[in-house]
Amino acid sequence: MKTILIVDDEPRTRLGIQKTLVTWSAGRHRIEIAASGVEALEWLKVNSAHIIITDVRMPEVDGLQMLEILAMRGQLPVVFVISGYAEFEYAQKALQLGAFDYLLKPLDKSKLIDIVKRALELDSGRERLGAMEKLVDSKLLVAGIDEARYSTVIKDAISYIYTHLHEAISMKQIADLLHLNASYFSVLFKEQTGVTFSDYLTRSRVQRAKELLVTSRMPIWEISEKVGYQTAKYFIKVFKDNEGISPSQYRHQVLDAEQIIQ
1 MKTILIVDDE PRTRLGIQKT LVTWSAGRHR IEIAASGVEA LEWLKVNSAH IIITDVRMPE
61 VDGLQMLEIL AMRGQLPVVF VISGYAEFEY AQKALQLGAF DYLLKPLDKS KLIDIVKRAL
121 ELDSGRERLG AMEKLVDSKL LVAGIDEARY STVIKDAISY IYTHLHEAIS MKQIADLLHL
181 NASYFSVLFK EQTGVTFSDY LTRSRVQRAK ELLVTSRMPI WEISEKVGYQ TAKYFIKVFK
241 DNEGISPSQY RHQVLDAEQI IQ
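Numbering of the sequence shown is given in UniProt numbering, commencing with residue 1 and proceeding in unit increments.
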């Protein structure tokens with residue numbers, strides 16, 4: 001039996017999601033609730049959750065801070081976040097920190113159930129392969145945790161990267177957009193993030209490719225285009241250099257694991 005934890009400080013939203021999932025699961029899954037990030041973290045000290053559905057904006061400890069704390073504990077399950085249109089930047093940040101997906105308010109019940117189904121499938125693959133470590137790039141995670149201390153320039157650069165991952169991006173291009181000398185920008189980026197600009201860009205593209213490989217049935221050539229590579233051949237080379245296996249092998253490992261009955 002899988003456990004799904006709902007974290008939201010708004011009683012109507014929290015109980016509405018719980019009621020929807022209890023009805024849908026029909027006893028197949030355990031549905032738990034927490035009224036705050038603090039309450040959720042306390043609950044998770046003695047319990048475990050396979051899926052966490054959390055609001056991004058909550059008092060004391062918000063959804064992003066909870067993600068960071070769980071990551072540092074080595075206890076990050078499959079998480080997706082709920083946000084309003086005004087909080088969309090928080091949802092983007094959550095994805096950078098390793099969240100599986102996001103859902104915008106007001107919540108659509110069918111979309112909620114669909115995303116829970118996909119999250120459960122992903123959890124099954126991660127559970128059997130130890131794919132949490134493989135799916136979330138540790139250097140990107142560390143860089144994301146430190147992002148609150150970044151200068152506005154570096155935050156803008158990272159935001160641009162994630163918004164334009166599907167396009168050709170160069171360090172000079174972003175430096176020019178930010179009205180900075182490229183050499184100075186290069187030093188600044190490495191100093192604040194701990195990785196070079198090119199390494200960060202490559203890791204971000206591979207990270208997004210892994211998410212698409214796990215959560216979609218897109219062909220490899222289409223995924224390569226979605227993450228900014230002009231040819232599938234070069235994308236496969238970059239992916240293999242970073243992950244040790246090809247994109248197809250990565251996908252098959254997850255799919256094959258999901259067919260195992262334990």
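A virtual CB, placed ideally from N, CA and C, is assigned to each residue, including glycine.
Because the structure is a prediction, the values reported are computed rather than measured.
Quiz item: Y234 to R251, Cα distance in whole Å?
Solution: 18 Å
N47 to I169, Cα distance in whole Å?
43 Å
Pairwise C-alpha distance: V214 and E32: 26 Å
Beta strand (DSSP E) segment containing Y158, residue limits: What sits at residue 158 in the sequence shown is Ile, not Tyr. Element bounds for I158: not the beta strand (DSSP E) but the alpha helix (DSSP H), T152 to T163.
- May I have the straight-line CA-CA distance separating residue 263 from I220, to the nearest angstrom? This structure leaves residue 263 out entirely; the chain is present only between 1 and 262.
Are R203 and K139 closer than 9 Å when you measure CB to CB?
yes
- Could I get the ranges of all uninterrupted alpha helix (DSSP H) runs contained in the UniProt domain "Response regulatory" (3-120), with 4 residues as the minimum, in chain order? 11-25, 37-46, 63-73 and 88-96
Between the CA atoms of A175 and W24 - distance to the nearest angstrom
50 Å
Would R30 pass as a contact of M1 if the rule is Cβ separation under 9 Å? yes
As assigned by DSSP and simplified to three states, the class of A168:
coil
*Reducing DSSP to helix, strand and coil, say where T193 ends up.*
helix
Review point. Does DSSP classify Y184 as helix, strand or coil?
Key: helix
How is L177 classed by DSSP in three states: helix, strand or coil? helix
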